[in-house]
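J.: Numbering (my numbering), first residue to last: 64 to 236.
No residue lacks a Cβ here, since even glycine has one placed at the ideal position from N, Cα and C.
One structure, pasted below without further comment.
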């Protein structure tokens, strides 16, 4: 049964050495998770961090907003025909404002939903106490979590590289 081994480090150099040793020992990048109070570009690149998928949700929201605006103004113009002095029924120039507003509105709403969804917020497992939380990782410590069956090997790697504390948790979620 797989376990999660979490090591707490004070210095970023120790974390980098531990990651290098874990990668040299044959652990894949997907098995290693880096926890930090601030972004560290070198480590994120080393562990193949990808760009945020939130930009795609914003794009989808913008496209849906623009499409909804075109449908809204077209359907209402054709449903309630008000011919004025030979002007076209579907006059696109005044509708640009509605299209812009709905594009921005749905784009920003999908942005909010994308941020909440991709950052897994709210986290009911953490709220109910089913997942461990270390407040030090949000303040001044760095964490390294490894999913493994070889707990002793990872524990030794963490200890060799200056981990202050090493905990092991059951991997059930």
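For a minimum of 4 consecutive residues, which ranges assigned as the alpha helix (DSSP H) are wholly contained in the region 72-139?
T.: Qualifying alpha helix (DSSP H) stretches, in chain order: 75-87 and 104-109.
J.: For residue 67, which of 216, 111, 140 and 171 has the nearest alpha-carbon?
T.: In the chain shown, counting from the first residue as 1, residue 67 sits at position 4. Answer by Cα proximity: 216.
J.: Can you give me the C-alpha to C-alpha distance between residue 81 and residue 117, rounded to a whole angstrom?
T.: Numbered from 1 along the chain shown, position 18 holds the residue referred to as residue 81. Numbered from 1 along the chain shown, position 54 holds the residue referred to as residue 117. Those two C-alpha atoms are separated by around 30 Å.
J.: Is residue 199 near the ligand FMN, with its Cβ less than 6 Å from a heavy atom?
T.: The ligand FMN is absent from the structure shown, which contains no ligand whatsoever.
J.: Which residues in the same chain have their Cβ closer than 6 Å to the Cβ of residue 230, if we skip the five residues on either side of it in sequence?
T.: Here residue 230 refers to the residue found at position 167 of the chain shown. Cβ within range, chain order: 69.
J.: When DSSP labels each residue in this structure, what does residue 174 get in the three-state scheme?
T.: Here residue 174 is taken as the residue at index 111 of the chain shown, counted from 1. Residue state, collapsed to three classes: helix.
J.: What did DSSP end up calling residue 232 once you bin it into helix, strand or coil?
T.: For the purposes of this step, residue 232 is taken as the residue at position 169 of the chain shown. Residue state, collapsed to three classes: strand.
J.: Based on the DSSP secondary-structure assignment, which residues constitute the bridge partners of residue 196?
T.: Start at 1 with the first residue of the chain shown, and residue 196 comes out as number 133. Within the DSSP bridge table, the entry for residue 196 names no partner.
J.: Could you please give the first and the last residue of the uninterrupted beta strand (DSSP E) stretch that includes residue 208?
T.: Taking the chain shown and counting its residues from 1, one reaches residue 208 at position 145. Unbroken beta strand (DSSP E) run through residue 208: 205-211.
J.: Taking 8 Å as the threshold, find out whether the region 132-146 comes into contact with the region 161-176 through three or more Cβ pairs.
T.: yes
J.: Residues bridged to residue 69 by DSSP?
T.: Residue mapping note: residue 69 aligns to position 6 of the chain shown, counting from 1. Bridge partners of residue 69: 208 and 230.
J.: Does the distance from the CB of residue 179 to the CB of residue 124 come in under 7 Å?
T.: For the purposes of this step, residue 179 is taken as residue 116 along the chain shown, with counting starting at 1. For the purposes of this step, residue 124 is taken as residue 61 along the chain shown, with counting starting at 1. Annotated as distal: residue 179 and residue 124, with beta-carbon spacing of 7 Å or more.
J.: For residue 146, would you say it is in contact with chain D, using Cβ-to-Cβ distances shorter than 7 Å as the test?
T.: This model lacks chain D altogether; it includes just one protein chain.
J.: Give me, in chain order, the residues of the same chain whose beta-carbon lies closer than 8 Å to that of residue 64; leave out the 5 immediate sequence neighbours on both sides.
T.: Locating residue 64 in the chain shown gives position 1, counting from the first residue. Answer for residue 64: 212, 233 and 234, listed in chain order.
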